[in-house]
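J.:
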Amino acid sequence: MDEEQVESVAEEDYDAEKITVLEGLSAVRKRPSMYIGSTGPTGLHHLVYEVIDNAIDEAMAGYCSWIKIILKSDGSVSIEDNGRGIPIDIHSKYGVSGVEIAMTKLHAGGKFDKSTYKVSGGLHGVGVSVVNALSIWLKVEVFRNGNIYRQWYKQGDKSSELEIIGKTQNTGTRVRFLPDKEIFNIIEFDFKTLVDRVREMAFLNRNVTIEISNELTGAENIFHYEGGIVSFVEYLNKNKKALHDPIYFRGEEGDTQAEMAIQYNDSFIPNIYAFANNINTREGGYHLSGFKAALTRTVNDYARGKKFLKDSDPNLLGNDILEGVAAIISVRLPEPQFEGQTKTKLGNSELKGMMERITNQSLSEIFEENPAVAEIIAKRSIVAASARLAAKKARDLTRRKSYLESAALPGKLADCQERDPYKCEIFIVEGDSAGGSAKQGRDRAFQAILPLRGKILNVEKARLDRILRNKEILALLTALGCGVGEEFNIEKLRYRKIIIMTDADIDGAHIRTLLLTFFYRYLGQLVDAGCVYVAQPPLFRIQKGRRADYAYSEEEKERIVEELGDRGLTIQRYKGLGEMNPDQLWETTMDVDKRMLIRIDDNDHVESDKLFTKLMGEEVEPRRAFIQKHALEVVNLDI
Ligand code: 0RA
Numbered sequence: 036m037d038e039e040q041v042e043s044v045a046e047e048d049y050d051a052e053k054i055t056v057l058e059g060l061s062a063v064r065k066r067p068s069m070y071i072g073s074t075g076p077t078g079l080h081h082l083v084y085e086v087i088d089n090a091i092d093e094a095m096a097g098y099c100s101w102i103k104i105i106l107k108s109d110g111s112v113s114i115e116d117n118g119r120g121i122p123i124d125i126h127s128k129y130g131v132s133g134v135e136i137a138m139t140k141l142h143a144g145g146k147f148d149k150s151t152y153k154v155s156g157g158l159h160g161v162g163v164s165v166v167n168a169l170s171i172w173l174k175v176e177v178f179r180n181g182n183i184y185r186q187w188y189k190q191g192d193k194s195s196e197l198e199i200i201g202k203t204q205n206t207g208t209r210v211r212f213l214p215d216k217e218i219f220n221i222i223e224f225d226f227k228t229l230v231d232r233v234r235e236m237a238f239l240n241r242n243v244t245i246e247i248s249n250e251l252t253g254a255e256n257i258f259h260y261e262g263g264i265v266s267f268v269e270y271l272n273k274n275k276k277a278l279h280d281p282i283y284f285r286g287e288e289g290d291t292q293a294e295m296a297i298q299y300n301d302s303f304i305p306n307i308y309a310f311a312n313n314i315n316t317r318e319g320g321y322h323l324s325g326f327k328a329a330l331t332r333t334v335n336d337y338a339r340g341k342k343f344l345k346d347s348d349p350n351l352l353g354n355d356i357l358e359g360v361a362a363i364i365s366v367r368l369p370e371p372q373f374e375g376q377t378k379t380k381l382g383n384s385e386l387k388g389m390m391e392r393i394t395n396q397s398l399s400e401i402f403e404e405n406p407a408v409a410e411i412i413a414k415r416s417i418v419a420a421s422a423r424l425a426a427k428k429a430r431d432l433t434r435r436k437s438y439l440e441s442a443a444l445p446g447k448l449a450d451c452q453e454r455d456p457y458k459c460e461i462f463i464v465e466g467d468s469a470g471g472s473a474k475q476g477r478d479r480a481f482q483a484i485l486p487l488r489g490k491i492l493n494v495e496k497a498r499l500d501r502i503l504r505n506k507e508i509l510a511l512l513t514a515l516g517c518g519v520g521e522e523f524n525i526e527k528l529r530y531r532k533i534i535i536m537t538d539a540d541i542d543g544a545h546i547r548t549l550l551l552t553f554f555y556r557y558l559g560q561l562v563d564a565g566c567v568y569v570a571q572p573p574l575f576r577i578q579k580g581r582r583a584d585y586a587y588s589e590e591e592k593e594r595i596v597e598e599l600g601d602r603g604l605t606i607q608r609y610k611g612l613g614e615m616n617p618d619q620l621w622e623t624t625m626d627v628d629k630r631m632l633i634r635i636d637d638n639d640h641v642e643s644d645k646l647f648t649k650l651m652g653e654e655v656e657p658r659r660a661f662i663q664k665h666a667l668e669v670v671n672l673d674i
């Protein structure tokens, strides 16, 4: 790989060697995370998104209507589009083809000069050269000028010249690459992860058809949504009860465009996704805050105008109006500023006023033209406001109680000795007998045990005020110490590891799901902070003589049995944690050195929401089977 060494102006005091700037792709291979975020699964999938983003750029410029992604059986991935094709002519400045520039120069990806596209997607905008740098091999094919061109690369360096290999009537680009296992811990793509992202892309770009298939399994999906983000909100509400037809409006100022789709459902949870140039701005930003402010104002104005709110009533708050809303906001702007921890917060402040103007104007018109819809939204927000006041009363009550009882920790909590939250963990255990084993087995220096009895409330079907009257949830919240809702404060969290430890049977799975739903819905910040875990107790104990092995799955048991031979084996199947003696529970599930924990994360909020709705929502019948099969889908393996 050739490295351009660009010398900076060196002042006498400086060591010129040290300030030599390395350009070219070797920088990418040296520090991949700087370009793709990580060398874990997220970074790996980012490679695919980077190529798709280039194709979507072509689509946004009006030249591409179709993208096809194939997971190949050799582990590589192919991304083809029917855009204009990467230019093949020789660039006057560099003396090499456009293809070679795109493949070997940083930031040269889809944008040779800024004027090529008005707006452009891509989180890092680093271009396909980064994909090239991090691939053991890459093949690029261009369909252009009646010809098919092809060039091969190895770890970023070309391994063949650009050559014509055939004729075609089409235009477009096909890139196929195999990620370099010297760079990535894992080089297997997760089909579902790709499918979810591609579906989102198709919602956001209504004119594009995206096909994705997996050669290994034969799975195939084709996404094309005429309705765009209207289809997106319908998708969000699919297993929920929608209260009206979706509302849609759009507007533009200068080179910036915005569109919004809104549809309320009968749940209590807001479900809003804001995108900027197709990027999910999870951390929000000015587009989102402008939208929320205007939505709040418009609903308040309407409710006052129609006298649903009396003059003496206080205004509805933003959160009242957001209860049960599903909304998509999509903005496209020429120079997005991505800020925040994960670079997913839109920092362009001019968007706030713009979103307010568009939303105020369009939504008040829509409300005037559709009074039935407006009334549903206004009245539902008023109910939410009264529930908020009731919840506040309930919270005040619990707070007062905890003041009275000094320390006020729940009686059944077996606390640990350590006080530094970062060193402490709490096991939430189902049932008293398991709780007993856990209390005896633990390391009391830093492990606390909270046994919960029976089923906790299904929080999916209740508002916060009712949830806070549930004894088990109160005990949990008091033990955690971090509060909930407006009072949430992670600094007050007493344990930085919260470990859900339930039986490995269907009831255990159910309780685990109830708890996860509660964390996910009401203590999402703890999930985002990576504090919530699920313990993995073994399913079998296999004894031969003095030797005991534990198996955490059916397959592992088979393997151990095979290894030890059939004779003289005693196999015990654990139905509940209570069947393990304290030593065994410690050894298999609680000992930091030996246990396996699953960290809960929420990488794809849209799909997590759908999963929890399915798990805990109205439809009772399919639930049991579904929980048994999928309850752990929401989690990723950690540690
Ligand atoms: C540079 C310039 C143009 C298009 C592209 C790159 C381009 C890159 C990729 C990567 C995957 N698919 C792509 N499609 C296009 C503009 C082409 C022109 O002006 O004709």
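The working numbering applies: residue 36 is where the sequence shown begins, and numbers increase by one.
Cβ coordinates follow ideal geometry from the N, Cα and C atoms, glycine included.
Please state the DSSP three-state secondary structure of Arg582.
T.: Here residue 582 corresponds to residue number 547 of the sequence shown, with the count starting at 1. Strand at Arg582.
J.: Tell me the rounded alpha-carbon separation between Arg531 and Gly466.
T.: Indexing the sequence shown from 1 puts residue 531 at position 496. Indexing the sequence shown from 1 puts residue 466 at position 431. When rounded, the distance between both Cα atoms is 23 Å.
J.: I'd like to confirm something about Val63: is its beta-carbon nearer than 7 Å to some heavy atom of ligand 1, or not?
T.: As a first step, residue 63 must be located in the sequence shown, where it is residue number 28. Val63: no, Cβ never under 7 Å from ligand 1.
J.: Taking the straight line between their C-alpha atoms, what separation do you get for Ala296 and His322?
T.: Within the sequence shown, numbered from 1, the residue matching residue 296 stands at position 261. Within the sequence shown, numbered from 1, the residue matching residue 322 stands at position 287. Using only the alpha carbons, I get a separation of about 14 Å.
J.: Buried or exposed: Gln204, going by 16 or more other Cβ atoms within 10 Å of its Cβ?
T.: Here residue 204 refers to the residue found at position 169 of the sequence shown. So Gln204 ends up on the exposed side.
J.: CB-CB under 8 Å to Glu196, same chain, minus the five flanking residues each way: which ones, in chain order?
T.: Position 161 of the sequence shown, counted from the first residue, corresponds to residue 196. For Glu196, where only same-chain residues beyond five positions count, the Cβ hits under 8 Å are Gln186.
J.: Quick one: what's got a C-beta closer than 6 Å to Phe373's C-beta in the same chain, skipping five residues either side?
T.: The residue labelled residue 373 in the question sits at position 338 within the sequence shown. Same-chain partners within the cutoff: there are none.
J.: Spatial neighbours of Lys427 within its chain, please: C-beta separation below 7 Å, excluding the five flanking residues on both sides.
T.: To locate residue 427, count along the sequence shown from 1; it is residue 392. Nothing meets the Cβ criterion.
J.: Please report the distance separating the alpha-carbon of Asp231 from that of Glu642.
T.: By 1-based counting over the sequence shown, the position of residue 231 is 196. By 1-based counting over the sequence shown, the position of residue 642 is 607. Whole-angstrom Cα-Cα distance: 8 Å.
J.: Using a Cβ-based criterion (distance less than 7 Å to any ligand heavy atom), does Arg185 qualify as near ligand 1?
T.: Counted from its first residue, the sequence shown places residue 185 at position 150. No, the Cβ of Arg185 stays beyond 7 Å of every heavy atom of ligand 1.
J.: In three-state terms, what does DSSP make of Gly75?
T.: Along the sequence shown, read from residue 1 onward, the residue named residue 75 stands at position 40. Three-state DSSP puts Gly75 in coil, outside helix and strand.
J.: With DSSP collapsed to three states, give me the class of Asn249.
T.: Here residue 249 corresponds to residue number 214 of the sequence shown, with the count starting at 1. In this structure, Asn249 counts as strand in the three-state DSSP scheme.
J.: For Thr74, which of Val166, Val366 and Met236 has the nearest alpha-carbon?
T.: The residue you call residue 74 lines up with position 39 of the sequence shown. Ranking the options by Cα distance to Thr74, first place goes to Val166.
J.: Taking the C-alpha atoms as reference points, what is the distance between Asp628 and Glu622?
T.: Here residue 628 is taken as the residue at index 593 of the sequence shown, counted from 1. Here residue 622 is taken as the residue at index 587 of the sequence shown, counted from 1. Whole-angstrom Cα-Cα distance: 9 Å.
J.: Compute the Euclidean distance between the alpha carbons of Glu593 and Ala564, then round it to the nearest angstrom.
T.: If you number the sequence shown from 1, residue 593 lands on position 558. If you number the sequence shown from 1, residue 564 lands on position 529. Near 37 Å, if we compare the C-alpha coordinates of Ala564 and Glu593.
J.: Closer than 7 Å: is that where the CB of Arg119 sits relative to any heavy atom of ligand 1?
T.: For the purposes of this step, residue 119 is identified with residue 84 of the sequence shown, where counting begins at 1. Yes.
J.: Using C-beta distances below 7 Å, list every residue in its chain close to Val177, excluding the 5 sequence neighbours before and after it, in chain order.
T.: Translated into the one-based positions of the sequence shown, residue 177 becomes position 142. Contacts found: Gly120, Ile121, Ile123, Val134, Tyr184 and Thr208.
J.: Name the residue from Leu357, Phe326 and Leu344 whose alpha carbon lies nearest to the alpha carbon of Gln396.
T.: In the sequence shown, the residue the question calls residue 396 occupies position 361. It is Phe326 whose Cα lies nearest to the Cα of Gln396.
J.: For Ala483, name the three-state secondary structure that DSSP assigns.
T.: The residue you call residue 483 lines up with position 448 of the sequence shown. Reduced to three states, the DSSP call for Ala483 is strand.
J.: For Pro214, write down the residues that DSSP places opposite it in a beta bridge.
T.: For the purposes of this step, residue 214 is identified with residue 179 of the sequence shown, where counting begins at 1. For Pro214, which the question treats as bridged, DSSP gives the partners Ser170.
J.: Among the residues of its own chain, which have a CB less than 6 Å from the CB of Gly603, if the five just before and after it don't count?
T.: On the sequence shown, position 568 is the one that residue 603 refers to. Lys579, listed in sequence order.
J.: Would you kindly work out how many angstroms separate the C-alpha atoms of Ala686 and Lys506, rounded to a whole number?
T.: Given that the chain is displayed from residue 36 to residue 674, the structure contains no residue 686 and the question cannot be resolved.
J.: Go ahead and label Val519 buried or exposed: buried means 16 or more other beta carbons lie within 10 angstroms of its beta carbon, across all protein chains shown.
T.: To locate residue 519, count along the sequence shown from 1; it is residue 484. Buried, by the Cβ-count rule.
J.: Cutting at 6 Å between CB atoms, please list the residues of its own chain near Gly263, excluding the five before and the five after it.
T.: Position 228 of the sequence shown, counted from the first residue, corresponds to residue 263. Hits under 6 Å: Arg241.
J.: Thinking just about the alpha-carbon of each residue, which of Leu398, Arg339 and Met631 is nearest to the one in Glu294?
T.: Numbered from 1 along the sequence shown, position 259 holds the residue referred to as residue 294. Comparing Cα-Cα distances from Glu294 to each of Leu398, Arg339 and Met631, the minimum goes to Leu398.
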